[in-house]
Structures are given as structure tokens and as C-alpha cells.
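Presented below is the structure to which this report refers.
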Amino acid sequence: MKVLFVHQNCPGQFKHLAPALAAEGHEVVFVTQKGKPTPEGVRKVEYEPHRKVTPKIHPYLAATEAAVLNGQAVARVAFALRRQGFQPDVMIGNPGWGETLFLKDVWTDAPLISLSEFYYNGSGSDVGFDPEFSTGPDAVLRARARSGPHLLAIEAADVAYSPTEWQRVQFPEAYREKIRVIHDGIDTDLVSPDPNARFQVPQGPMLTRADEVLTYVARNLEPYRGFHSLMRALPEILARRPDAHVVIVGGDELSYGSRPRDGGAWREVMQAEVGPLPARVHFTGRIPYADYLSLLQVSSVHLYLTYPFVLSWSMLEAMSAGAFVLGSATAPVLEVIEDGVNGWLVPFFDPRGIALRASEALERRNEVDAIRAAARETIRSRYALGDCLARQKAMIHEVVAGK
Numbered sequence: 001m002k003v004l005f006v007h008q009n010c011p012g013q014f015k016h017l018a019p020a021l022a023a024e025g026h027e028v029v030f031v032t033q034k035g036k037p038t039p040e041g042v043r044k045v046e047y048e049p050h051r052k053v054t055p056k057i058h059p060y061l062a063a064t065e066a067a068v069l070n071g072q073a074v075a076r077v078a079f080a081l082r083r084q085g086f087q088p089d090v091m092i093g094n095p096g097w098g099e100t101l102f103l104k105d106v107w108t109d110a111p112l113i114s115l116s117e118f119y120y121n122g123s124g125s126d127v128g129f130d131p132e133f134s135t136g137p138d139a140v141l142r143a144r145a146r147s148g149p150h151l152l153a154i155e156a157a158d159v160a161y162s163p164t165e166w167q168r169v170q171f172p173e174a175y176r177e178k179i180r181v182i183h184d185g186i187d188t189d190l191v192s193p194d195p196n197a198r199f200q201v202p203q204g205p206m207l208t209r210a211d212e213v214l215t216y217v218a219r220n221l222e223p224y225r226g227f228h229s230l231m232r233a234l235p236e237i238l239a240r241r242p243d244a245h246v247v248i249v250g251g252d253e254l255s256y257g258s259r260p261r262d263g264g265a266w267r268e269v270m271q272a273e274v275g276p277l278p279a280r281v282h283f284t285g286r287i288p289y290a291d292y293l294s295l296l297q298v299s300s301v302h303l304y305l306t307y308p309f310v311l312s313w314s315m316l317e318a319m320s321a322g323a324f325v326l327g328s329a330t331a332p333v334l335e336v337i338e339d340g341v342n343g344w345l346v347p348f349f350d351p352r353g354i355a356l357r358a359s360e361a362l363e364r365r366n367e368v369d370a371i372r373a374a375a376r377e378t379i380r381s382r383y384a385l386g387d388c389l390a391r392q393k394a395m396i397h398e399v400v401a402g403k
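Numbering-wise, the sequence shown is residues 1 to 403 according to our numbering.
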């Protein structure tokens, strides 16, 4: 079987699926932007948009033009592959950046599977959720315009899948029957509890399970992942827990939403707001994956906060590592965490509520083995990599057999 993957940041959500198919002897080609890693056994083909988005284009159309430019660049690479004799049996892509827009125009008979990760709505999800950073009606209109390429993508797809049920139902009702719920999968063998784990804080102490450690992880420190709520809760947490270390992992770039009004990074803005913090608060920036796993394994309490948006792997990996997770009572966290059973829920907009709950969790960190075990069992039973890969492969073979 010949399989074509498309994702601007190879391997993206296909980091397990693409090499697994290659290991089974299938010919796997991965189209991606320049400078990305090459999964084992996979042939990587690079693309590059021929220009940037038009300066001063209408802001509602900036994301759409970027999607068209990416889709056009991928189509040109695809036509070149077709001229070389490559004919995929199935095409799989994340349409979030427009790359799958024209694949069916290159290979009209090849089925297309779309990883339908998110559909932008003007209400009910991220837009307008946080009144502090709301931009009013303009954000609602921009969200509707931004969904144009996503609508084209789901229309073109033969089959689609979403990581969670909540992410699936963000798409228009007319297309939901086309979308299955299959998570990318968590490697529960690799991400597992280790009572002997140690985490070396950069230029700081060595932390173990014997220490009192509150952890927070995001790709970037920003409001979409509740960083402002964390920072506002910190002073009271630190006052109530004088021996606690707080390890905050994440970069200063922007993944979602908007930058601060006066520029700079959200970390700087929030540090200025809450004032000086003691040396036991550790901002690590981004860290290697192996160090990140060690951090989850030494964590006493792991705090995960998010707007109603794409669910982070980090929350599920924290649960798989046996961490005591406090998650915000927002979708799609509510799809995974049952309060008091496999974690605790906290109010996203209430820093004092977060502080009280986190402080209690730290105090009781040695009394919650049942919650830690239930958290890991949730991941093993619902999100284990082997099971998710099997479902993804079954979907692929079903689509290929029916083409």
C-alpha cells in the first residue's frame, strides 16, 4: 500500500502512525515544510509556499490566503510526485494549515482521510470564552471566515477523525457523521510512573518524589492554556505551601490567541502583574522530552488549564505517568477527568479557587494513590497507543478497500 501523509510540521500527530505503517512494509511518503525531521522508514518530500501572505490583506482573509498558499505549494509537489509515477492508495492529512485543499484535484481517485482537529466557531468554544481578552464581534466574524478552508477540507475528505468527541462536535452537524473519534494515542509503556525518577531544574535543585512539586506544562505560556490564571494563583499557593517547588515549562512565543497589547511575552506581563516570586518558582523554558517525562514522574500535583480548545497531549501524558492532575472544568477536559475519581477539577477563571484546590492537593499528595492509579487506567483503557494505532489502521484499510 502507498500512503501519502501531509502535515506542515512533520511528523505532527502522525509521529506514531507514519513510521508504524512504514515498518509494516508500506511505502510512506510525507509532505512537509522544510527543515522537519524524517520519521524512520518514511520518504520525506518538502514544500515551500512561493510567497508570504499579502501585506495589509483584509484581516479576515489572512488565514485563508495562508491556507491557499500552503495548499498550492503542496499541490505543486503532488503533481511532481504524480509525474514520477507515485499514486497513493490513501492520503492522510491535517487540514489546519490548508495543505490538503487540493489533494483530490491531483489524485482524484485516491481516498482522503482528514484529521479534523478543530473547527473555529464564533461561540461555544475558544472565541469569546475569556472576557478579559475578548475582542468583541470582530473575533466572531474572523472565526467564521477562518473556517472556510476547514469547511472545504471536510467536504473533500472521504473520512475524517477527531481526537475527542468535543472536538468532533465543533464541526457543522451536516459533516459529523463523516467524523470518527480516534485519539493519536499515548505510549503508556514509555510514559509510566517511576518512583525513582529525578528531575534536574536548570540552574536549580534536583527534585524527586520526596519533594513537594507543582508542575505546569504548555508549548508556550499564554492565556489559551490558562497561564494568567496560574500566575494569579501562585502567591497564595506559595504562601500556603512554604516548601513547595513550582516548575513551569513552556516557551515565550505564541501558539494561540493574541500577543500582549504592549508586545513582549505573556510571562513578562504576568510576572510584572504578580510581582517578585521566590527562587522555588522555576521557569524552565522548553525542555527535552526525556526531561519532561521525568518531571511528570516527580510531580506531586500537575495543573492543566485550557480554554475550550484542542486537548493537549501533556494532560493525558501526566495522567499516564501517574500524576495527580488538577484540570480546568472546561471542554474537552471534562471528557477525560471525573472530579474526585481520576483527578480533580478546578475553576478556570478563579485564581483563589485554583490556589485553594492546588494547596489542598499538595497537602494530600500522599493520600491519593487511588486517584493516580485511576488516572493511569483511564489512559490505558481509552487512549493507549496500541489501541489507537489499531483503530487508525483499521480505518485506513476500510477506506482503501472501499475506494
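Don't be surprised by glycine CBs; every beta carbon is placed ideally from N, CA and C.
1. Can you find the residues in the same chain that come closer than 8 Å, C-beta to C-beta, to Q271, ignoring five residues on each side of it along the sequence?
2. If you reduce the DSSP assignment to three classes, tell me which class S224 lands in.
3. Flag this pair as touching only if the region 50-65 and the region 132-149 have three or more C-beta atom pairs under 8 Å; answer yes or no.
4. Using the Cα positions of Q13 and D184, report the straight-line distance between them to the nearest angstrom.
5. Taking the alpha-carbon positions, what's the L112 to A331 distance?
6. Mark I179 as exposed unless 16 or more other C-beta atoms lie within 10 angstroms of its C-beta, in which case mark it buried.
7. For D339, does the three-state DSSP call read helix, strand or coil?
8. Measuring only the C-alpha atoms, how far is I57 from P242?
9. Could you give the distance in angstroms between the alpha-carbon of I396 and the alpha-carbon of G275?
10. Who are the Cβ neighbours of A358 in its own chain at under 7 Å, not counting the five residues just before and after it?
11. Would DSSP call S359 helix, strand or coil?
12. May I ask which residues mark the beginning and end of the alpha helix (DSSP H) holding W166?
13. For A384, which beta-bridge partners are listed by DSSP?
14. Would you check if there are 3 or more beta carbon pairs closer than 8 Å linking the region 186-201 to the region 289-299?
15. Using C-beta distances below 7 Å, list every residue in its chain close to Q392, excluding the 5 sequence neighbours before and after it, in chain order.
16. Here's the rule: buried if 16 or more other CB atoms are within 10 angstroms of the residue's CB, otherwise exposed. What is L261?
17. List the DSSP bridge partners of V346.
18. When you compare only the Cα positions, how much space is there between M319 and A244?
19. Measuring alpha carbon to alpha carbon, tell me which of G322, E335, G402 and P235 ends up nearest R352.
20. Considering only C-alpha positions, which residue in the set K36, G124 and V159 is nearest to P95?
21. What is the DSSP secondary structure of K393, counted as helix, strand or coil?
22. Mind reading off the beta-carbon distance from W107 to P137? Whole number of angstroms is fine, and I expect it under 8 Å.
23. Got a sec? Which residues, its chain only, sit under 6 Å from Y404 by beta carbon, not counting five neighbours each side?
24. What's the call for Q8, buried or exposed, on a 16-neighbour Cβ count within 10 Å?
25. For the alpha helix (DSSP H) that contains F79, what are its first and last residues?
26. On the DSSP letters alone, give me the boundaries of the beta strand (DSSP E) that L4 sits inside.
27. Considering only residues of the same chain and omitting the five flanking positions on each side of Y307, which have a CB-CB separation below 6 Å?
28. Terminal residues of the continuous beta strand (DSSP E) containing E27?
29. From the DSSP output, which residues share a beta bridge with Y216?
30. From which residue to which residue does the alpha helix (DSSP H) around G148 run?
31. Output the distance between the C-alpha atoms of E404 and A218, rounded to the nearest integer angstrom.
32. What do you reckon, are the CB atoms on Y383 and I92 nearer than 7 Å?
33. According to DSSP, is I379 part of a helix, a strand, or is it coil?
34. Going by Cα to Cα distance, which pick from Q84, R259, Y47 and A323 is closest to A375?
35. Do you know offhand how far C388's Cα is from P163's?
36. For V90, tell me which candidate among V3, V29, R142 and K15 has the shortest Cα-Cα distance.
Concretely, from the data shown:
1. M231 and L277
2. Before going on, a small fix: residue 224 reads as Tyr here, not Ser. The answer is helix: DSSP assigns Y224 an H, G or I state.
3. yes
4. 6 Å
5. Linking L112 to A331 through their CA atoms gives a straight-line distance of about 28 Å.
6. Under this definition I179 is a buried residue.
7. Reduced to three states, the DSSP call for D339 is strand.
8. Cα-Cα distance, rounded: 52 Å.
9. 53 Å
10. L214, A233, I237, V301, L303 and L326
11. helix
12. E165 to R168
13. Bridge partners of A384: I186.
14. The region 186-201 is in contact with the region 289-299.
15. L17 and I182
16. Before going on, a small fix: residue 261 reads as Arg here, not Leu. Under this definition R261 is an exposed residue.
17. S328
18. Each residue's alpha carbon lies about 21 Å from the other.
19. Proximity to R352 across G322, E335, G402 and P235 peaks at P235, based on C-alpha coordinates.
20. Comparing Cα-Cα distances from P95 to each of K36, G124 and V159, the minimum goes to V159.
21. helix
22. No, W107 and P137 are not in contact; Cβ-Cβ is about 41 Å, not under 8 Å.
23. Past the boundaries of the shown model lies residue 404; the chain is included only from 1 to 403, so the question cannot be answered.
24. Buried.
25. A62 to R83
26. K2 to V6
27. D126, F129 and Y224
28. E27 to Q33
29. According to DSSP, Y216 bridges with I248 and L303.
30. G148 to A156
31. Past the boundaries of the shown model lies residue 404; the chain is included only from 1 to 403, so the question cannot be answered.
32. no
33. helix
34. A323
35. In this structure, the alpha-carbon of C388 lies about 10 Å from that of P163.
36. V3
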